[in-house]
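Some notes on the structure that comes next.
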Amino acid sequence: RARKIQKFFSQPFFVTTQFTGREGRYVKLEDTIRGFREVVEGKHDDLPEQAFYMVGTIEEAQEAAEKLKQGVM
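The sequence shown begins at 96 in the working numbering and counts up by one.
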């Protein structure tokens with residue numbers, strides 16, 4: 096879970112756009128805390144670690160996991 100949290104905190108920052116090719120954006124503090132809490136509680140143990148990288152919200156991590164599952168990412 097610690098690695099998932101570490102990746103979850105790699106949210107798409109504006110200053111990293113030129114390096115990552117991903118548009119930076121704001122994520123509400125409440126969304127970050129809720130996602131963090133859900134990961135700590137084990138609600139997303141079924142999602143692969145890579146799904147948490149460079150996403151904004153936990154819902155985006157779920158979408159990324161589905162894309163990884165389908166081989167789209």
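Cβ coordinates follow ideal geometry from the N, Cα and C atoms, glycine included.
These numbers come from a predicted model, not from an experiment.
| request: Find out if the Cβ-Cβ distance for the pair residue 125, residue 107 is shorter than 8 Å. | output: no
| request: Go ahead and pull the three-state DSSP assignment for residue 111. | output: helix
| request: Please state if the CB of residue 151 and the CB of residue 122 are separated by a distance shorter than 8 Å. | output: yes
| What span of residues does the alpha helix (DSSP H) with residue 164 cover, start to end? | 153-165
| query | Smallest Cα separation from residue 148: which of 97, 131, 104? | reply | 104
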